[in-house]
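S.K.: Each residue of the sequence shown is one higher than the one before, counting from 1 in UniProt numbering. Where is the CB? At the ideal position from N, CA and C, for every residue including glycine. Note that this is a predicted model, so its numbers are computed, not measured. Got a structure for you, written out below as structure tokens; questions coming shortly.
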Amino acid sequence: MRAGFNSLAAKVQTVLERDPFCGHVFVFRGKRGDLLKVLWWSGDGMCLLMKRLEKGRFVWPQADGGVICLSPAQLSMLLEGIDWRQPTRTARPTSAL
């Protein structure tokens, strides 16, 4: 994915029909699934984060109309490469006393 600030902001406007300056976070995935770009307006400038997984692929949601809303926790898991659709809870440690 070679898209930068301007082309991703244009995709938000034309394809998603959203305002890239609204403060929402927009996430784009590369064809192979191992690269994500995150675009957002911080209030005084456009920010772009890129992450490539060393191994594996990002779990990508099915989006109706190209848009899906994720909770902050789901977005965090997506960025970490965790399957956010089926998170597993770890057992709480028992007291050592």
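#1: Which word fits K37, buried or exposed, when buried means at least 16 other C-beta atoms lie within 10 angstroms of its C-beta?
#2: Let's see if you can read the secondary structure: which residues bound the beta strand (DSSP E) around residue 101?
#3: Cβ atoms of G33 and R57: under 9 Å apart, would you say?
#4: Can you tell me whether V15 is buried or exposed? The criterion is at least 16 other CB atoms within 10 Å of its CB, across all chains shown.
#5: With 16 as the cutoff for other CB atoms within 10 Å, does A73 come out buried or exposed?
#6: Is there contact here, the region 68 to 82 with the region 39 to 59, by at least three beta-carbon pairs under 8 Å?
#7: Just to confirm my understanding: we take R85, look at its own chain, exclude 5 residues before and 5 after, and list those with CB closer than 7 Å. What are they?
M.R.: Answer, in terms of the structure:
#1: Start at 1 with the first residue of the sequence shown, and residue 37 comes out as number 37. Buried.
#2: Residue 101 lies beyond the residue range present for the chain, which begins at 1 and ends at 97; the question has no answer from this structure.
#3: For this step, residue 57 is matched to residue 57 along the sequence shown. For this step, residue 33 is matched to residue 33 along the sequence shown. Closer than 9 Å, so yes.
#4: The residue labelled residue 15 in the question sits at position 15 within the sequence shown. The residue is exposed, with fewer than 16 neighbouring Cβ atoms inside 10 Å.
#5: The residue labelled residue 73 in the question sits at position 73 within the sequence shown. It is exposed - the Cβ of A73 has fewer than 16 other Cβ atoms within 10 Å.
#6: yes
#7: Along the sequence shown, one-based indexing puts residue 85 at 85. These residues qualify, in order along the chain: V59.
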